[in-house]
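Read the sequence shown against this note's numbering and you will find it ends at 187, with the numbers running on by one and no gaps.
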Amino acid sequence: MTANYNTIGAAGKCNRIVEFLYWALVDRIGPFEIIARVGRGAVATVFRARRDGREVALKVLDDSWIRDAVVTKRFRNEADVLRLLDHPNIVRLLEAGEEGERLYMALELIGGPTLEKAIRRRAFTHRESAAIASHVARALAHARGCRGVIPKPPI
Numbered sequence: 033m034t035a036n037y038n039t040i041g042a043a044g045k046c047n048r049i050v051e052f053l054y055w056a057l058v059d060r061i062g063p064f065e066i067i068a069r070v071g072r073g074a075v076a077t078v079f080r081a082r083r084d085g086r087e088v089a090l091k092v093l094d095d096s097w098i099r100d101a102v103v104t105k106r107f108r109n110e111a112d113v114l115r116l117l118d119h120p121n122i123v124r125l126l127e128a129g130e131e132g133e134r135l136y137m138a139l140e141l142i143g144g145p146t147l148e149k150a151i152r153r154r155a156f157t158h159r160e161s162a163a164i165a166s167h168v169a170r171a172l173a174h175a176r177g178c179r180g181v182i183p184k185p186p187i
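Below, the structure is given as structure tokens:
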């Protein structure tokens, strides 16, 4: 049986509190020193981390999902796909690994706000919007051209 991604209720809130407290105490994952938490998604948390003087974005599968075969397979597949991609508009995978049962991916650290935050701060001009769309389109075209990465839709 697979857990639902949208865990809600007291149990879900309790798990998030326990994970928050745990990460407040953890200072290393594998060879990486944790500097700060920078984001959280449905199944993983992203940290600013350092190894050998280089800062990275360290994406770590949350403990509540490590026994879920579907989620762990998707996490590993994401790393496999990122290994195939080399494009200036796609974040680079530097390393993927495990520490005990904990899965992680070390990714290129990109500075600046997320696109979502940038959009909330101000409206983009038509020219800026077109430039962003162009960068995204080039990245998707590259990914689609890599065998096994993004399937072509049926005609």
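Here a beta-carbon is modelled for each residue, glycine too, at the ideal position from N, C-alpha and C. Note that this is a predicted model, so its numbers are computed, not measured.
Apart from the five residues just before and just after residue i, which ones in its own chain have a Cβ nearer than 6 Å to its Cβ?
i	result
Ala-101	none
Taking the CB atoms as reference points, tell me whether residue i and residue j lie closer together than 8 Å.
i	j	result
Phe-79	Leu-90	yes
Ile-67	Tyr-136	no
Ile-98	Arg-134	yes
Ile-142	Val-113	no
Leaving aside the five residues before and after residue i along the sequence, list all residues of the same chain whose C-beta is less than 8 Å from its C-beta, in chain order.
i	result
Ile-119	The sequence given here places His at residue 119; Ile does not occur at that position. Hits under 8 Å: Arg-170, Ala-171, His-174 and Ala-175.
Ala-81	Ile-61, Phe-64, Glu-65, Ile-66, Ile-67, Glu-87, Val-88, Ala-89, Leu-90 and Ala-138
What does a CB cutoff of less than 7 Å around residue i pick up in its chain, not counting 5 residues either side in sequence?
i	result
Arg-115	Leu-125
Roughly how many angstroms lie between the CA atoms of residue i and residue j, to the nearest whole one?
i	j	result
Pro-63	Arg-83	6 Å
Val-75	Val-103	8 Å
Gly-144	Ala-150	9 Å
Thr-34	Ser-166	Since pLDDT at Thr-34 reaches only 40, below the 50 mark, its modelled position is unreliable, and no value is offered.
Gly-85	Leu-147	27 Å
Glu-195	Lys-105	Only positions 33 to 187 of the chain appear in this structure, which leaves residue 195 out of reach.
Cys-178	Ala-155	34 Å
Ala-111	Ala-162	29 Å
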